[in-house]
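According to this note's numbering, the sequence shown is numbered sequentially starting from 42. By construction, the Cβ of each residue, glycine as well, lies at the ideal position given by its N, Cα and C atoms. Being a predicted model, the structure only gives us computed values, none of them experimental.
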Amino acid sequence: MIDGMTVLVTGGTGSFGKKFTKMILDKYNVEKLIILSRDELKQSQMKAEFNDPRLRFFIGDVRDKERLYRAFDGVDIVVHAAALKRVPECEYNPFEAIKTNVLGAQNIIDAAIDKEVKRVVALSTDKAANPVNLYGATKLCSDKLFIAGNSYAGSQDTRFAVVRYGNVMGSRGSVIPFFREERKKGVLPITDLRMTRFWITLEKGVKMVLKALEKMEGGEIFVPKIPSMKITDLANVIAPECEQKVVGIRPGEKLHEVLISRTDARHTLEFADYYIIKPEFTWWGSKNHQDGKPLADGFEYTSDKNQEWLSIEEMQEKIKGL
């Protein structure tokens, strides 16, 4: 459904946006791919890197609804990746996080409906499930807004869905580049020896978004099945020669992450390589998800109780070249 379409990515100069751009330009015959972001330097660098006539670059901010109305003109598909994502910075600058992650989400929804965008997929995070920090709370609120956007669209063709996943290998904000920098000191700071995290590659994250665009009816949260890893094992991958020093959990940090809570599990369907958290609209009826299986009572998808785990050797292979 991508071929021949005009696609726009918010936050398109970030790690996800660049991977999405490469995969779309390589595999699909899109009419246009529009990159919307605030950083003119990154846009200039990205323009030189890809040098493709199908690419367009818009400087703009999701906080600016007027700019979104201009950017969304003639757009068929929007992938919303723009967000303030770093937990400590969001804790210290809560108003800014709300302006971008919550009010920005509302602006995307309004502009998409009014400009008759066909499909919108918003990226979420494991921190939005049972949030304990402001970043997670803003993303939970954003998720709720995008799901409710389907009601606001009414009989109009615009439909919204969410893709939720864990830590991304290769992203600028992950702990991997942090550990690589810290190993120069000979000591890696570990917040807690028991800590676990979900991990996903950028490529799999993009593929899940494409799957959502293909399968969505509006209101779903798509959750890929992804492996977990102990933070101490990751430290041994990055710097096996370094001492590990326990420094304690940071403000707003969880010991283990959640992708599907027990409450959400009651209206979740399982598929071969992903889950769908169904919306709780009285009018919602699934046509594309008939082969999904309901989850057992009490199920929850957490990084410590996951059935799939990354070994040290597997992680070493996955982060080669990052």
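Same chain, Cβ closer than 7 Å to residue i, neighbours up to 5 away in sequence not counted
i	result
Leu164	Phe57, His121, Ala122, Val204
Ile139	Thr179
Gly52	Gly58, Ser78, Ala122, Ala123, Ala124
Glu130	none
Ala306	Leu336, Phe340, Glu341
Residue i - partner residues in DSSP beta bridges
i	result
Tyr315	Pro265
Asn208	Trp240
Gln285	Leu229
Thr343	Val299
Val161	Val119, Phe201
Trp350	Ser269
Arg97	Ile75
Pro292	DSSP lists no partner for Pro292.
Pro135	DSSP output for Pro135 lists no bridge partner at all.
Pro335	Leu310
Beta-carbon spacing of residue i, residue j below 8 Å
i	j	result
Phe239	Gly207	yes
Phe98	Gln84	yes
Glu282	Val128	no
Asn92	Glu132	no
Ile118	Leu254	yes
Glu298	Asp167	yes
Cβ neighbour criterion (16 or more within 10 Å) applied to residue i
i	result
Val288	exposed
Leu234	exposed
Ile301	buried
Phe113	buried
Pro268	buried
Asn347	buried
Same chain, Cβ closer than 6 Å to residue i, neighbours up to 5 away in sequence not counted
i	result
Leu109	Asn148, Ala152
Thr242	Met210
Glu81	Ile100
Lys126	Gly214
Thr237	Ser269, Lys271, His297, Ser344, Asp345
Gly177	Lys168, Ala169
Own chain residues within Cβ distance below 8 Å of residue i, not counting five before or after
i	result
Tyr315	Met249, Lys252, Phe263, Val264, Pro265, Lys266
Phe220	Leu229, Leu275, Ala276, Ile279, Ala280
Lys88	Leu96, Phe98
Leu351	Trp240, Pro268, Ser269, Met270, Asp274, Lys359
Taking contact to mean 3 or more Cβ pairs, one atom from each stretch, closer than 8 Å, check whether the region 98-114 and the region 142-157 are in contact. yes
Check whether the region 192-212 and the region 152-171 are in contact - that is, three or more C-beta pairs closer than 8 Å. yes
Would you check if the region 315-327 and the region 208-215 touch, i.e. whether three or more CB-CB distances between them fall below 8 Å? no
When the Cβ atoms of the region 329-339 are set against those of the region 226-242, are three or more pairs found closer than 8 Å? no
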